[in-house]
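Visitor:
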Amino acid sequence: MWAPLPRKRSATTAAPVVTRRVTTARSDKVVKVNMAVAAQDDSEEEVDDDQEVETDDASPPPKKPKLAARRPNAVTRQVKAVNVPRATEVLAAPRRFGEVKCYACNQLGHIARECPDDDARARNDEYLAKRYQDMKAQGNEDRAA
Numbered sequence: 001m002w003a004p005l006p007r008k009r010s011a012t013t014a015a016p017v018v019t020r021r022v023t024t025a026r027s028d029k030v031v032k033v034n035m036a037v038a039a040q041d042d043s044e045e046e047v048d049d050d051q052e053v054e055t056d057d058a059s060p061p062p063k064k065p066k067l068a069a070r071r072p073n074a075v076t077r078q079v080k081a082v083n084v085p086r087a088t089e090v091l092a093a094p095r096r097f098g099e100v101k102c103y104a105c106n107q108l109g110h111i112a113r114e115c116p117d118d119d120a121r122a123r124n125d126e127y128l129a130k131r132y133q134d135m136k137a138q139g140n141e142d143r144a145a
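Quick note: the sequence shown uses full-length UniProt numbering, first residue 1, plus one each step.
1) Measure the Cβ-Cβ separation of Ala122 and Ala112 and say whether it is below 8 Å.
2) Might you give, ordered along the chain, the residues of its own chain that have their beta carbon closer than 8 Å to the beta carbon of Glu99, omitting 5 neighbours on each side?
3) Between Arg9 and Pro62, what straight-line distance do the alpha-carbon atoms span, to the nearest angstrom?
4) Three-state secondary structure (DSSP) at Lys101?
5) In chain order, what residues of the same chain have a beta carbon less than 8 Å from the beta carbon of Asn124, not counting five sequence neighbours either side?
6) Please report the distance separating the alpha-carbon of Asn106 from that of Leu128.
7) Would you kindly work out how many angstroms separate the C-alpha atoms of Lys136 and Lys130, rounded to a whole number?
8) Expressed to the nearest angstrom, what Euclidean distance is found between the alpha-carbon atoms of Ser59 and Trp2?
In structure tokens:
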């Protein structure tokens, strides 16, 4: 069974301890702005041209464009990649028409759909019709309601 681990607690002291917080970089920035404003009020001649003074009016750096703004470049890359033929694609070896075998009459040079033997072509058409009916019966079209 799961049980929580006991926490280690330090003993409390009688007098409250006052801690001094360390200033962060953000507070340093505020100090610089305040000092710059004070320097401008007293005398504007003391500010050097080499020294940059940050004020509240300074614009933040430009933001990075979002992903949607960069999409056209990706689409362009995809289109270019489609047009370039790949060397690694495996293409089927071109067959000569004389090597094609008819499954209806077992002759070379044509396929069963174009068989010159009328009886063999009729058997093939009958087989294809039966196969089409079997494929249609196995589908899920009747369950759509």
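Think of the CB as a built atom: it goes at the ideal place given N, C-alpha and C, for glycine as much as any other residue.
Guide: Inspection of the coordinates gives the following:
1) It is not a contact, given that the beta carbons lie outside the stated cut-off.
2) Closer than 8 Å at Cβ, skipping near neighbours: Leu108.
3) Each residue's alpha carbon lies about 48 Å from the other.
4) DSSP places Lys101 in strand when its eight states are reduced to three.
5) Excluding the 5 residues flanking it on each side, Asn124 has same chain C-beta neighbours closer than 8 Å at Tyr103, Ala104, Ala112, Arg113 and Cys115, in chain order.
6) Cα to Cα, Asn106 sits roughly 17 Å from Leu128.
7) Distance from the CA atom of Lys136 to the CA atom of Lys130, rounded to whole angstroms, is 10 Å.
8) Ser59 and Trp2 have their C-alpha atoms spaced approximately 54 Å apart.
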